[in-house]
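A short worksheet on the structure shown next.
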RNA sequence: GCGAAUGUGGCGGAAUUGGUAGACGCGCUGGUUUCAGGUACCAGUGGGUAACACCGUGCCGGUUCGAGUCCGGCCAUUCGCACCA
């Protein structure tokens, strides 16, 4: 909204309101049954008053602080971004490049919750991949801090390691190029080399360092200084290398090339000694490759013979006794950078006094509403857009009467979505964020359906806020989202030319052969011939991509609803495959579900005259067992599908019923009514209309849900498959309650089965109740 | 490189969790209705054969009376992660 506002000058609130209206119109056209009395918008002051209120809670609990930190700065957006929003040196949403800058910013102390965020995932019904993505992002490592004395200096180097058991194999120490001790310890002979290396490392952007990382050879230079290995007193060289990150652990590691692949590569390149400390399986040669597995320790004095875990415990105890180290836990997770230099966000409810002290805006002054400004760009001197609101900016501290300035940073987009699910509980209340009784009744969210792109963003941030609210006694559950399901993406054919530009289906053509319409035909058909940019010889690549505007392969739900009806569109979306799977859009599939709905319609209505067809009748005989069976099977399956989220097979069962009903000469009215009820959540418009024509006086949504009758699912006779040696050789029809002995006899008597037994003795006969007989000869 | 998921007709997908592979839909073939096209309806549709046989769930092997399903080993695709000590 804000970027559009920058281009057009239109206020973001106007753009947002228009988008809401469009989306809402589409949702309503599709007949989605939202409770619109609970509609809310995170960008309205009535909502964000409480977002600010939660920020104040975070601040008071010591979880919001200002710090000068290296931040991810996105020049295209003129703002900083959180770690979670940056991947491969680019903003994940737009691909705009991101660089490092040192700025004073608001941070949220999510790291204080790292352990609980990892542990409490246990017991949630979440997809395994998302569960793991969060754990990996939090990145808990259990290890030890170990102190290395530096020869000739008093200040030691502390390293973090997860493998303190391999200390006896530690043959050098590596500092990150940015490590604060580097200057102090570097010897005069090495000064030039070290300075050169640091300069080169500093010049490489974050992006280069990350993308080149994978298989680039290790680089580094010695500082000339030596450290003392605390376990054996050996003097080992101190190097600097950029594979050690200043931002993780202590920015310093000890190297054990025998037990770590990176160290091994480094040792090989620079000819450093490799000492075996863990004995691997026979044939393991640590001079050739690192051995990272478990095994008895060697060359390790008091650790000799111990396996990894025991050795770790023993060496940590040994170090602790001598004040040379201690057990330590580290996380990859960093604190959450919470400021944005944007206009269209919640103002951070803080004021700054003349002496630089920060103070919360008093609760009764919330919300701090966004002021109107006429330009949404940063100020010429680089301050956030809100600095343009000069009047709004100046205020006074109510307590002291001192003049003060408002904070001009705003919160990130995630702030409102961190707690909106709680606001749904009491959207009409202005005196509280949510009602405590409602919270106890409704929470946690039973089922949360959303895209997996939120795996380490929204879902991590919201869990963090929820836990803070839990600690403050404001919510009753530790976790906000009990069951999580990621819906799959819908893909569609796209055309990409050699320069990487995408083309819409009306900008491309194929030559000769039967006509193919990319808007109607499926991918297999479309991709069976070469396509060209219209009127040129430029070949295009035909791909299946997730639908997106920039790829010109979006199917507009409004168009589909106009051509096939909203119900056919809904039904197709649910029928195309399991909810979690990504699937290819196929417009011809919508015509299939439309056909199905037409058939349902014609059971009751003669389309020529628009009057009752007479097929559905209160007097129709109810002895059509197949039809009755199909009805009850459909009721059972549809009912089950609501909890299973297996809508595709539920729709298939309804189709079976309709096929049966189409074949039948009459359909009992009571059966048809039950069918219309189970159809109604899938195709509400058609079902509602049918219900009225059946004489219903109130909306079908209020009718009780039909229950299936298990006895109606039974058949009068059942077909038993007969196998000989595990291969299907015949089928026999028997009564459902026939005795096993009779079934076995009937199976062997079958003429076709006989020919395969061919007079050989039956050694063994297996009977699976109601299913099959297998005769072993 | 590491991790996860997936692999079934021409296509999307079913398969009661070890028991008749291919439900349902799309597409296709033939027929009826129609001047015709479309719609609708009927029949057919994994390969193979005159019909059987036989073959068939990514590949190789194993367990079992019986494997899409379980076990071992490969291959491919997709999606994450990627110097975190």
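Numbering (our numbering), first residue to last: 614 to 1390.
Glycine is no exception: its CB is placed at the ideal position from the N, C-alpha and C atoms.
In the DSSP assignment, find the unbroken beta strand (DSSP E) run with residue 1325 in it and report its ends. In the first chain, the residue the question calls residue 1325 occupies position 712. Element bounds for residue 1325: n/a, residue is neither H nor E.
Cβ-based neighbour list, residue 1246, same chain, cut-off 8 Å, excluding 5 preceding and 5 following: By 1-based counting over the first chain, the position of residue 1246 is 633. Taken in chain order, the residues that qualify are 1266, 1269, 1270, 1321 and 1326.
Name, in chain order, the residues that DSSP records as bridge partners for residue 1158. In the first chain, counting from the first residue as 1, residue 1158 sits at position 545. DSSP output for residue 1158 lists 1105 as bridge partner(s).
Taking the C-alpha atoms as reference points, what is the distance between residue 1273 and residue 1196? Taking the first residue of the first chain as 1, we reach residue 1273 at position 660. Taking the first residue of the first chain as 1, we reach residue 1196 at position 583. Cα atoms of residue 1273 and residue 1196: separation of roughly 29 Å, rounded to the nearest angstrom.
Would you give the residue range spanned by the beta strand (DSSP E) that residue 713 belongs to? For this step, residue 713 is matched to residue 100 along the first chain. Here the beta strand (DSSP E) through residue 713 covers 712-721.
Along the chain, which unbroken stretches of the alpha helix (DSSP H) at least 4 residues long are found entirely within the region 1206-1238? none
For the alpha helix (DSSP H) containing residue 1124, list its first residue and its last residue. In the first chain, the residue the question calls residue 1124 occupies position 511. Careful: residue 1124 lies outside any alpha helix (DSSP H) and carries neither H nor E.
Which stretch, first to last residue, makes up the beta strand (DSSP E) that contains residue 1008? Reading the first chain from its first residue, position 395 is the one you call residue 1008. Taken as a continuous stretch (DSSP letters only), the beta strand (DSSP E) holding residue 1008 covers 1007-1009.
Tell me the residue span of the alpha helix (DSSP H) that contains residue 1001. Against the first chain, residue 1001 aligns to sequence position 388. No alpha helix (DSSP H) contains residue 1001, which DSSP labels as neither H nor E.
Taking 9 Å as the cut-off, decide whether the C-beta atoms of residue 1213 and residue 1306 are in contact. As a first step, residue 1213 is located in the first chain; it is residue number 600 there, counting from the start. As a first step, residue 1306 is located in the first chain; it is residue number 693 there, counting from the start. Going by C-beta atoms, residue 1213 is not nearer than 9 Å to residue 1306.
List the endpoints of the continuous alpha helix (DSSP H) containing residue 1099. For the purposes of this step, residue 1099 is taken as residue 486 along the first chain, with counting starting at 1. Here residue 1099 belongs to no alpha helix (DSSP H), and DSSP marks it neither H nor E.
When you compare each of 896, 878 and 900 to residue 888 by their alpha carbons, which one comes out closest? By one-based count along the first chain, residue 888 stands at place 275. Considering only alpha carbons, the answer is 900.
6 Å Cβ shell around residue 689 - same chain, five flanking residues per side excluded: Locating residue 689 in the first chain gives position 76, counting from the first residue. Excluding sequence neighbours, residue 689 sits near 709.
Spatial neighbours of residue 721 within its chain, please: CB distance less than 7 Å, with the 5 preceding and 5 following residues excluded, ordered by chain position. The count along the first chain starts at 1 and reaches residue 721 at position 108. 671, 676, 677, 948, 949 and 951, listed in sequence order.
Whose CA, out of 641, 1315 and 666, lies closest to the CA of residue 978? Position 365 of the first chain, counting from 1, holds the residue named residue 978. Selected option, being the one with the closest Cα: 666.
Which residues mark the beginning and the end of the beta strand (DSSP E) in which residue 692 is found? Stepping through the first chain from its first residue, residue 692 is reached at position 79. From DSSP, the beta strand (DSSP E) with residue 692 extends over 692-694.
Within 8 Å, do at least three Cβ pairs link the region 766-779 to the region 860-876? Counting Cβ pairs under 8 Å, three or more are found: they touch.
I need the DSSP call for residue 1344, collapsed to helix, strand or coil. As a first step, residue 1344 is located in the first chain; it is residue number 731 there, counting from the start. Reduced to three states, the DSSP call for residue 1344 is strand.
Start and end of the beta strand (DSSP E) containing residue 1336? On the first chain, position 723 is the one that residue 1336 refers to. Looking at the DSSP string, the run of the beta strand (DSSP E) that includes residue 1336 is 1331-1337.
Among 787, 757 and 797, nearest to residue 767 - alpha-carbon criterion: Within the first chain, numbered from 1, the residue matching residue 767 stands at position 154. Residue 767 has its Cα closest to that of 797, out of 787, 757 and 797.
Taking C-beta to C-beta, are residue 660 and residue 1036 nearer than 9 Å? Walking along the first chain from the start, residue 660 turns up at place 47. Walking along the first chain from the start, residue 1036 turns up at place 423. Contact flag set, yes.
Within the chosen definition, does the region 788-805 reach the region 929-948 through at least 3 CB pairs nearer than 8 Å? no
If you compare alpha carbons, which of 1083, 1167, 1097 and 1084 is closest to residue 1119? As a position in the first chain, residue 1119 is number 506, starting the count at 1. The shortest C-alpha separation from residue 1119 is found at 1167.
Would you report the Cα separation of residue 851 and residue 862, rounded to the nearest angstrom? Along the first chain, one-based indexing puts residue 851 at 238. Along the first chain, one-based indexing puts residue 862 at 249. Straight-line Cα distance between these residues: approximately 17 Å.
What is the DSSP secondary structure of residue 850, reduced to helix, strand or coil? As a first step, residue 850 is located in the first chain; it is residue number 237 there, counting from the start. Residue 850 falls in the strand class under three-state DSSP.
Residue 854 and residue 793 closer than 9 Å at C-beta: Along the first chain, read from residue 1 onward, the residue named residue 854 stands at position 241. Along the first chain, read from residue 1 onward, the residue named residue 793 stands at position 180. In this structure, residue 793 does not lie closer than 9 Å to residue 854 by Cβ.
Compare the beta carbon distance of residue 1333 and residue 1360 with 9 Å and say whether it is the shorter of the two. In the first chain, counting from the first residue as 1, residue 1333 sits at position 720. In the first chain, counting from the first residue as 1, residue 1360 sits at position 747. Cβ atoms of residue 1333 and residue 1360: closer than 9 Å.
Keeping to the same chain, check which residues put their C-beta closer than 8 Å to that of residue 1261; ignore five residues upstream and five downstream. The count along the first chain starts at 1 and reaches residue 1261 at position 648. Excluding sequence neighbours, residue 1261 sits near 1187, 1188, 1189, 1190 and 1191.
Considering only residues of the same chain and omitting the five flanking positions on each side of residue 827, which have a CB-CB separation below 6 Å? On the first chain, residue 827 is found 214 positions in, with the first residue counted as 1. At residue 827 the pLDDT is 48, less than 50, meaning the model places this residue with poor confidence and gives no usable figure here.
Thinking just about the alpha-carbon of each residue, which of 1026, 778 and 705 is nearest to the one in residue 915? By 1-based counting over the first chain, the position of residue 915 is 302. Among 1026, 778 and 705, the Cα nearest to that of residue 915 is on 778.
Looking only at its own chain, which residues have a Cβ that is under 6 Å from the Cβ of residue 814, when we skip the five neighbours before and after it? One-based indexing of the first chain puts residue 814 at position 201. Only 790 and 855 meet the Cβ criterion.
Taking three-plus beta-carbon pairs below 8 Å as touching, is the region 981-1001 in contact with the region 1051-1061? No, because fewer than three Cβ pairs between the region 981-1001 and the region 1051-1061 fall closer than 8 Å, the two stretches do not touch.
Decide yes or no for the touch test of the region 1095-1111 against the region 1046-1053: beta carbon pairs closer than 8 Å, at least 3 of them. no
Among residues of its own chain, excluding the 5 on either side of residue 1056, which ones have a beta-carbon nearer than 7 Å to its beta-carbon? By 1-based counting over the first chain, the position of residue 1056 is 443. Same-chain partners within the cutoff: 1088, 1089 and 1090.
For the region 952-968 and the region 996-1010, state whether three or more C-beta atom pairs, one from each stretch, are separated by less than 8 Å. yes
If you reduce the DSSP assignment to three classes, tell me which class residue 1033 lands in. As a first step, residue 1033 is located in the first chain; it is residue number 420 there, counting from the start. In the structure shown, residue 1033 sits in a helix (DSSP, three-state: H, G or I).
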